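J.: Taken in sequence, the protein lines are chains A, B, C and D. Counting in the numbering used here, the first sequence tops out at residue 549, every number present. Counting in the numbering used here, the second sequence tops out at residue 90, every number present. Counting in the numbering used here, the third sequence tops out at residue 525, every number present. Counting in the numbering used here, the fourth sequence tops out at residue 1001, every number present. Beta carbons: idealized from backbone N, C-alpha and C, even for Gly. Keep in mind that this is a model prediction, so the values were computed, not measured.
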Amino acid sequence: MPAVFDAPGIDYHAFAPEIVLVTTLVLLLFVDLVFEERGRWASSTVAGIGLLAAVVPVLTLAVDGADRSLFAGAYAVDNFALVLKALFLVAGYVTVLISTDYVAEGDYYEGEYYFMLVSSLLGMTVMASARDLVSIFVALELLSIPAYLLAGWRKRDLRGNEASLKYYLLGVFASAVMLYGMSLVFGVSGSTLLSDVGEALSRGAESQPLITVGIVFIVVGFAFKVSAVPFHTWAPDTYQGAPTPITAFLSVASKAAGFVALVQLVFIGFLGREDVWAPMFWVLTALTMTVGNLIALRQTNVVRLLAYSSVAQAGFMLAPFAVAADIPADRGGVGAATGALVTYLLIYAGMNLGAFAVVMAVARRTRSAEIDAFRGLFGYAPALAVLMVIFVFALAGIPPLAGWYAKLVVFKTLLDAGSVAAVTLAVVAAVNSVIALFYYASVARAMVMESPADAGSGRVRVPASLGAALGICALATLAFGAFPGLIAELGDLALLGVLP
Amino acid sequence: MLVNQFLILGAVLFCIGVYGVLARRNGVLVLMSIELILNAVNINLVALGSLQGPEAAVAGQVFTLFVVTIAAAEVGVGLAIVLLIYRNRASVDLDEVDLMKG
Amino acid sequence: MDGLDDIALTAAVFLPLVGAAAMMLTPREHDTGHKVIALLTTLVTLAVGVYLLVGFDYGRADVLQFDVNTSWIDVINSRYILGVDGISLPLLLLSMFVCVLVVIYSWNHFPEPHNPKAFLILILVLETGMNGTFVAQDLILFFVFFEVVLLPMYFMIGVWGGEQRQYAAIKFFLFTLFGSALMILSFLALFFQGGQTFAIADLVAVASDNIPRSSQLLIFGGLFMGFAIKVPMFPFHTWLPDAHTQAPTQGSVILAAILLKLGTYGFVRIAIPILPEAAMAWAPWIGGLAVIGIIYGALGCLAQSDMKRLIAFSSVAHMGYVMLGIATLTEFGINAAVFGMVAHGLITGMLFFVAGSVKDRFHTLELSRLGGLLLQSPRMGWILGFCAMASLGLPGLAGFWGEFPAILAAYNPAEGLSEVLFRTYMVVAAVGTVFAAGYLLWMFQRTAFGTPREEFAQARIPGMHWPEYVAWTPMLILIVVLGLFPGLLFGLTTDAVGGAVAALGGGS
Amino acid sequence: MLESIWVIPAVTFASFWLILFFGKRLPKHGAEIGIAALGIAFVLSCVAVVEWNARPADEVVEAGHETGALEEGHGGAEVDDEGHALGEVQTLALESAVEAEGGEGEHEAEPIRSAVERNLTWFSFGGVDVTVGTAVDGLTVVLLFTVALISLLVHVFSTNYMHGDVRFTYFFAALSLFTTGMLLLVVSSSLLQALFGWELMALCSFMLIGHWWEKKPNSDAAMKAFLTTRTGDIGLLVGIVIMFFAAGQTFDIAAINEAALSGAMAETALVAGAAALFIGVIGKSAQFPLHTWLPDAMAGPTPVSALIHAATMVVAGVYLVARLYGVFWEAFDIGAGGVNPIALIGGITILIAAALAFVQTDIKKVLAYSTVSQLGYMVMALGVGAWTAAIFHLFTHAFFKGLLFLGAGSVSHAVHSFEMKDDMGGLRKFMPVTYTTFMIGSLALAGLFPFAGFWSKDEILLGAAENGYRLFEVVGIVGAFMTAAYMTRCVYLTFFGRYRGHGHPHESPPAITVPLIVLAVFSVGAGFLNFPGFERFFELTENRVFLLAGVEHHSFEVFPAVVSSAVVLAGLAFGGMLFFARHLPRGVTARSGAARAGYSFLVNKYYLDHLYTGVVIGSIKGGIARAAYWINQKVIDGVVNGVGIASKRTGSWVYRHIDQQVVDGAVNGAGFGAEGFGGILRTIQTGRVQQYGALLFGASAVLALTLVIFI
């Protein structure tokens, strides 16, 4: 029977952030086109303003407060989506800030750089709202493909190429696997809408194997994005080879996007099937934290070290998934898990971006990201050193720096579930947080307790935009550490809206 | 009944693709193997969709279209990167690309 | 003065941070500027402490006073609750007091690499952490303050410490963090099983009834790890000698005088009142470890060739007495413990001060190289002797009241604890007093008696400087005063402890 | 005065601080403060004695354990004032009461003076009010008098003896503090407070014995003294704790005695507590086997030795037992006779110490061992239930031992040495006063009639005999014999024969001789305080506790006295024979009566002389004593030192092997383990993209399979 086509009514307010981003993209192209060389400075500014402008509708939507759902539920704008969009946009803005001088000083194409960056962000904002297999897939590719290119931005640098290649091949491979999984799940449920999928899967006792394989493959696809062990292998190499701002971007925004997708898929699409994903996530969590930390112990390059640390951090973020199903409904059920995850993402973004920002600032002088390059930093650039100390110990989760609260909510979620598995995981996490301290402290040690490698150490000049980025991150890290209430509210709000 | 055969075909294609991705040394061939996987996906989508009734059939086909389109984009990017590699090291042998490890 | 009462504790906790901020804005070159700011800050903080002391209602020492209770992190229902009772007040004051003296002492004793700015800022941050821990009445708040002290101490040891400083610093950090990781897990477990609250008072009221015995034991285990490492109890003590030996004098003093007390305070304030049943079950083991610590620490001392390391090990022994007192779960015992904390803080703090000054003059603490201090710097020598005597628990000096009552309490522990076992502990502890006398006098004989080694025979050893006089006199006086009038402290603690022990269903 | 007895220690304590802060600036460098303070203290103690003496007997105690009847009598006594009349009334009342009970006929009720107590709350803790205060009774005032007097004389003596010492001022400060400690102990009404005095003395002994700490042996001796007594204090601490709980959570001494006597204490607690306390006594009063610190303590200046041995420190132990007599009486069932730990330890100490005194060449060491032996007498006396005798001996001993030490000091002041064999001899010509007084002291110590020692020692022996401790009576007599002998030797080597030293010894100045004379007077006179028929001392010290316990006091009896005197004479003769007779050719006889006696004795019984010299002397002087000394130095002392060394060794072993390797090693090991493991894991990161891919797909396949299989 022929389906009658009726144009869907579009809620433009709900779309506003994405629309702004698209406009920005067009502007960027235009700027690049009109004043080629003279426009160098312009494109970064345009990008920055565009991103901030995109935050405005997010806020208006938040104020408005109503959950919106478009395209028969394929695209939802709820608190969860809004909080995450905001996170992506701000993270993106900070990325632009730290990129400005970096890109300007290297002879790279700027217009394209920011174009890619913003389009990747567009993908992320879409991801935050995607509630349908297709839109998730589209969003995923939209945010990934520009990232592949950005990773290899330093064209003549072999490491850059390698980073790009590895990221690309594995990324595509992973998304292919994920697609295969999607095809299976779609086959069982007969719908691409997550809500329908959810019902169908929880019903479909027959064709269990298909469902299992489907779920596993889909989760793998995003486990790759969030660099969960054993799907993390690309991360260190890519992080090291890519331009540092992009590394920061990948380790924060792109990772967050992966988690967003997971939240939607697992907590809506596979809600009924924790028998499949709960054990899987348990294993992934334990592996990710432990392996990430252990390998990080042996790193001598700060970027690489941060890469592994972000792997380990991903482990903490995965923990809520492992136990979400055990949390009694009266304590928020999966909502609590989501809240914990979002809180963690928000805090993590601040401190990790900050850490990378410092790395860049230092690299401006030392031209290296080896730990030895950081020795004696406190001697000649105390401010930077103190900031780095703040960020790394925040990552380590030492009060009163923001990280502690992120860890706390994860522990809380684990104990909230209270099952034996959950508590075991909690202990594993606890031990890991101690191991982690060791390498974070080693960075601090090099900066503060050791003398500079080279005697003549002039001051490090920190350009304004980079300084601004540092300021924002430091402020966030300290404020959220002292008054976690601020962030906790957001995390708590960010519940998936009810779906039609 | 009929569906199973499509499924199996898809599975076979998938496995061949995976093998290609993991085994071929030549970057270009790896890209093509990925295409194979995507095609396996497409077959699944269309077949299973039609199994689940008309609505699903449409949805499946639409999904397939998306996959095809995006696959094209991916491959474009992929080729660009491989080309870049070739420029810089005059080879597309993936095993040689291992500056960063550990 | 209600308004003042409300902000008093908050001020006591955060004033040091204000000072630290002020110093950050002051350029690095103005050494004296920094010293003055730091001194003023600590003094003002101490003034607040005195205000608390005056305003404190001694009749109601068992209830929280000057309490503040406002929302902090609503999402996890953790509130900003501060308050002092008879147990926290003395420790709070001790912390403020010691910080002032440390700043004064620092006046001309900045270890390499100089940099007074950073050094003093760290001290101030430390003070915030310590004061906060003693007044926090909410588990999460407690945890935060408990951890705040880590970073400053880590850097203080790691930057201004001795040869092994980096190893010592990270060791200290990792040990404590490990403990507190398990501790926070226990806190959360309490939260969920004890009625969704972190407020200590509420938990004391409900926890023991709501939580099944089995999980009580587990939770207490977590708390035990957290606090025992900080105390430190055998066998978690190994970070202590390294940290103490490597830390700069000021660091050692703060470490010995206050940081160690955070652990014991945790037992008295949190672990025991909230989980009395579990405490009962654990007490024999705690007591056992405590007396092992007493003897073990003493043996450790006898083995040392380095004065500072010896003093560090003596801390292990002395905290053993404190823990023994706590383990008896009786009013006697816990009173003794609190007194022991303060006494050990003053005495061992002083010992480290002296050790530091000795190092300043001889550039070594090798007992084999020292000697004849009484000839070269008589005053310092006698002060050292005085502290040694105080430390070995000579009646009439503060140390005695930490030691003897603990032994006394061990003779009849709370109902339900094996008398035979604890009486054995008592005897062992009593034997420990002889060991204490042994190593302390031995140390004193080696350093102060005899004649200087030839390498220092000609060296002109400067006498004591004014910062040393100013910083030490108050401590010495306090050691004597507390020794002669223990009522000053027992009067404060005894009611509060009575309250805490009441949770156990009546101790002694 | 009795109510405000605390003034006495307060005065000396004040003098300590005054000397410490202002001493150096004064003309006499602080000595004057010390002397003034002690003078005041002495006067006050005399006042106290007088007042106590004048105090009417206001309390009636029926001897024997049944205290039931007496309680109301006691209660009645309190309200009434006119003690004596009341006393009789009570007596009548009580006799009837006694008859009603029947059996206990031989005890009769006695009126005595009740102790003057004054307590105020020190601090309250754990719901218990700990009091601090003073309790004055006969025992207290006697000791106050003794301590104050001796200490005063020692102060005076020191002004000259220590003149020009590097730490003159500091020395006097320490002396004052030392005295304070003893006085505090004596007046305390509570054990806890007593402990303060007790440890204060330990501290001061440390400071004073190690006064010349530049020399390592001195500081070693100081440490040894402190640590040995401290070892005893383990017992004391534990004992106090046990008493605290056994007596119902109080440190009050009177209460503890009552509790012990009324049988309120659990038997085990009582015995354990008493035993523990007695260990403390052994340490402090240098009883076997913890006596070895005392001779080493001679490293300190002589006045200190005098103070330690005569009036403070070592007698503290004896005092403690006397003070807590109720406890010990009950715990060791002293009334029963036979053998008990206290008497046994005392007895052993008497003999071994006396034997050791034979072979010392250092005059102070001789005196030191004699002190140990005399303390043995006191402890034994307490052990055999001769309470008054013990105190009386403590009292008399204080004088003649103080005298002897100061005498020795005076001698060394002249010859700058303590070596009798090398640097002394024939000094009686050079220093007559010292000689005479020293002689008196020696005879008193030997216990020759009519010197003070005779009365007290005799009373001890009598008590032992009467209370069914025959064995210890014998021990006492043997001890007396040996004492007489070694003192003769000592005197001979010091004052007779020819001068073996260098330089020209001269009589010491008055600052030294005056104290000697004073003490000499007391050494002669003190004994008459318990002269048969006129037993002021007994009445003075008589107190509630030992009446309750039913301690018997035996007044003088002629026969035992004769026996003991005979023994003493024998001892003297024996000693004389050993040391004087040998110099026959050089005609000692002409000079010394004692020698002549010994000589004639020898001549008449020559074969005996052979026997003695060959066997007795050979064995005693040569064999037994040396053996004893060897055992003492090598075994007992060896153990004491050995313990120290051993624990130090253990320490380093534990530290090196357990602490650093096991405990700490585990921690570091874990660290390295983690890193190593990390290293292994790094090899996953080959850098080959396709291996990454393989890992990726492999992992997902494995996950999928396992889940498919297990679900």
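May I have the straight-line CA-CA distance separating residue 235 of chain D from residue 465 of chain C, to the nearest angstrom?
T.: A query on residue 235 of chain D cannot be resolved here, the shown segment of chain D reaching from 291 to 1001 and no further.
J.: Taking the alpha carbon of residue 589 of chain D as the point to measure from, which residue in D:422, D:658 and D:574 has its own alpha carbon closest?
T.: The residue you call residue 589 of chain D lines up with position 299 of the fourth sequence. The shortest C-alpha separation from residue 589 of chain D is found at D:658.
J.: Along chain D, which residues have their Cβ under 8 Å away from the Cβ of residue 273 of chain A?
T.: Taking the first residue of the first sequence as 1, we reach residue 273 of chain A at position 224. Per Cβ cutoff of 8 Å: 986.
J.: With 7 Å as the threshold, decide whether the Cβ of residue 552 of chain D is near any Cβ in chain F.
T.: Annotation note: the requested chain F is absent from the structure, which comprises protein chains A, B, C and D.
J.: Helix, strand or coil for residue 396 of chain D per DSSP?
T.: Mapped onto the fourth sequence, residue 396 of chain D falls at position 106. The predicted model places residue 396 of chain D with a pLDDT of 45, which falls under 50 and marks its position as unreliable; any figure quoted below should be read in that light. Three-state DSSP puts residue 396 of chain D in a helix.
J.: Among residues of its own chain, excluding the 5 on either side of residue 806 of chain D, which ones have a beta-carbon nearer than 7 Å to its beta-carbon?
T.: Locating residue 806 of chain D in the fourth sequence gives position 516, where the first residue counts as 1. Correct list, in chain order: 693, 696, 697, 700, 723, 724 and 727.
J.: Kindly list the residues whose CB is nearer than 7 Å to the CB of residue 534 of chain C, restricted to its own chain and excluding five residues on each side of it in sequence; keep chain order.
T.: Any answer about residue 534 of chain C is impossible in this case: the structure gives chain C only from 18 up to 525.
J.: Rounded to the nearest angstrom, what separates residue 878 of chain D and residue 508 of chain D at their Cα positions?
T.: By 1-based counting over the fourth sequence, the position of residue 878 of chain D is 588. By 1-based counting over the fourth sequence, the position of residue 508 of chain D is 218. With a pLDDT of only 44 at residue 878 of chain D, under the threshold of 50, the placement of this residue in the model should not be trusted, and no figure is reported.
J.: For residue 560 of chain D, which residues of its own chain have a beta-carbon under 8 Å away from its beta-carbon, when the five flanking residues on both sides are left out?
T.: Taking the fourth sequence and counting its residues from 1, one reaches residue 560 of chain D at position 270. Counting only Cβ-Cβ distances below 8 Å, and skipping sequence neighbours, we find 536, 550, 617, 620 and 621.
J.: What does the Cβ neighbour count give for residue 3 of chain C, buried or exposed, with the cut at 16 atoms within 10 Å?
T.: Past the boundaries of the shown model lies residue 3 of chain C; chain C is included only from 18 to 525, so the question cannot be answered.
J.: Rounding to the nearest angstrom, what Cα-Cα distance links residue 227 of chain C and residue 249 of chain A in this structure?
T.: In the third sequence, residue 227 of chain C corresponds to position 210, counting from 1. In the first sequence, residue 249 of chain A corresponds to position 200, counting from 1. The alpha-carbon atoms of residue 227 of chain C and residue 249 of chain A are separated by roughly 41 Å.
J.: From the beta carbon of residue 459 of chain A, is the nearest beta carbon of chain C less than 7 Å away?
T.: Taking the first sequence and counting its residues from 1, one reaches residue 459 of chain A at position 410. False, the Cβ-Cβ gap to chain C never drops below 7 Å.
J.: In the DSSP assignment, what residue or residues form a beta bridge with residue 117 of chain A?
T.: Within the first sequence, numbered from 1, the residue matching residue 117 of chain A stands at position 68. Looking at the DSSP assignment, residue 117 of chain A forms a beta bridge with A:126.
J.: Against residue 965 of chain D, what residues of chain C qualify as contacts under a CB-to-CB distance less than 9 Å, listed in chain order?
T.: If you number the fourth sequence from 1, residue 965 of chain D lands on position 675. What residue 965 of chain D touches in chain C: nothing, since even the nearest Cβ is about 13 Å away.
J.: Could you work out which residues of chain C lie near residue 487 of chain A, taking near to mean beta carbons separated by less than 8 Å?
T.: Residue 487 of chain A sits at position 438 when you count from the first residue of the first sequence. Here the neighbours are 187 and 191.
J.: Return the residues of the segment 460 to 471 of chain C that lie within a Cβ-Cβ distance of less than 7 Å from chain D, sorted by chain order.
T.: Those would be 462, 466, 467 and 468, in chain order.
J.: Quick one, which of C:290, C:305 and C:113 has its alpha-carbon nearest residue 434 of chain C's?
T.: Translated into the one-based positions of the third sequence, residue 434 of chain C becomes position 417. The shortest Cα separation from residue 434 of chain C among C:290, C:305 and C:113 belongs to C:305.
J.: With a threshold of 7 Å between beta-carbons, can residue 510 of chain A be considered close to chain B, or not?
T.: Residue 510 of chain A sits at position 461 when you count from the first residue of the first sequence. No, no contact with chain B.
J.: Counting only beta-carbon atoms, is residue 6 of chain B nearer than 7 Å to chain D?
T.: In the second sequence, the residue the question calls residue 6 of chain B occupies position 18. Yes, because at least one Cβ of chain D sits closer than 7 Å to the Cβ of residue 6 of chain B.
J.: Note down the Cα distance separating residue 225 of chain C from residue 233 of chain C, rounded to an integer number of angstroms.
T.: Translated into positions along the third sequence, residue 225 of chain C becomes position 208. Translated into positions along the third sequence, residue 233 of chain C becomes position 216. Distance between the alpha carbons of residue 225 of chain C and residue 233 of chain C: 8 Å.
J.: Measuring straight from C-alpha to C-alpha, what distance separates residue 136 of chain A and residue 176 of chain A?
T.: By 1-based counting over the first sequence, the position of residue 136 of chain A is 87. By 1-based counting over the first sequence, the position of residue 176 of chain A is 127. Roughly 12 Å separates the two Cα atoms.
J.: For a minimum of 4 consecutive residues, which ranges assigned as the alpha helix (DSSP H) are wholly contained in the segment 5 to 48 of chain B?
T.: For the segment 5 to 48 of chain B, whole alpha helix (DSSP H) runs of length 4 or above, ordered along the chain, are 15 to 39.
J.: Residue 223 of chain A and residue 25 of chain B: beta carbons closer than 7 Å?
T.: Your numbering for residue 223 of chain A matches position 174 in the first sequence. Your numbering for residue 25 of chain B matches position 37 in the second sequence. Going by C-beta atoms, residue 223 of chain A is not nearer than 7 Å to residue 25 of chain B.
J.: Short of 7 Å Cβ to Cβ, which residues in the segment 358 to 377 of chain C face chain A?
T.: Answer in chain order: no residues at all.
J.: Taking C-beta pairs closer than 7 Å, name the residues in chain C that residue 938 of chain D reaches, listed in chain order.
T.: Position 648 of the fourth sequence, counted from the start, is the residue given in the question as residue 938 of chain D. Near residue 938 of chain D (Cβ distances below 7 Å), the residues of chain C are 319.
J.: Find the nearest neighbour of residue 275 of chain C within the set C:133, C:182 and C:363, judged by alpha-carbon distance.
T.: Counting from one through the third sequence, the residue named residue 275 of chain C turns up at place 258. Cα-wise, what sits closest to residue 275 of chain C is C:363.
J.: In three-state terms, what does DSSP make of residue 257 of chain A?
T.: By one-based count along the first sequence, residue 257 of chain A stands at place 208. Looking at residue 257 of chain A - three-state DSSP - the assignment turns out to be helix.
J.: For residue 90 of chain C, write down the residues that DSSP places opposite it in a beta bridge.
T.: For the purposes of this step, residue 90 of chain C is taken as residue 73 along the third sequence, with counting starting at 1. Answer by DSSP bridge pairing, in chain order: C:95.
J.: Please decide whether residue 80 of chain B counts as near chain A, where near means a Cβ-Cβ distance under 7 Å.
T.: Taking the second sequence and counting its residues from 1, one reaches residue 80 of chain B at position 92. So, not an interface residue.
J.: Where do the ends of the beta strand (DSSP E) carrying residue 420 of chain D lie?
T.: By 1-based counting over the fourth sequence, the position of residue 420 of chain D is 130. Its beta strand (DSSP E) spans residues 418 to 426.
J.: Near residue 345 of chain A, which residues of its chain fall below 7 Å by C-beta distance, leaving aside the five closest residues on each side in sequence?
T.: The residue labelled residue 345 of chain A in the question sits at position 296 within the first sequence. The residues are 354, 357, 358, 361 and 488.
J.: Taking the Cβ atom as the reference point for each residue, do residue 404 of chain C and residue 367 of chain C lie within a distance shorter than 7 Å?
T.: Locating residue 404 of chain C in the third sequence gives position 387, counting from the first residue. Locating residue 367 of chain C in the third sequence gives position 350, counting from the first residue. Result yes, Cβ atoms of residue 404 of chain C and residue 367 of chain C sit closer than 7 Å.
J.: Just checking: is the beta-carbon of residue 209 of chain C within a distance shorter than 7 Å of some beta-carbon in chain A?
T.: Working through the third sequence from its first residue, we reach residue 209 of chain C at position 192. True, the Cβ-Cβ gap to chain A drops below 7 Å.
J.: Leaving aside the five residues before and after residue 414 of chain C along the sequence, list all residues of the same chain whose C-beta is less than 6 Å from its C-beta, in chain order.
T.: Position 397 of the third sequence, counted from the first residue, corresponds to residue 414 of chain C. For residue 414 of chain C, where only same-chain residues beyond five positions count, the Cβ hits under 6 Å are 407, 496 and 500.
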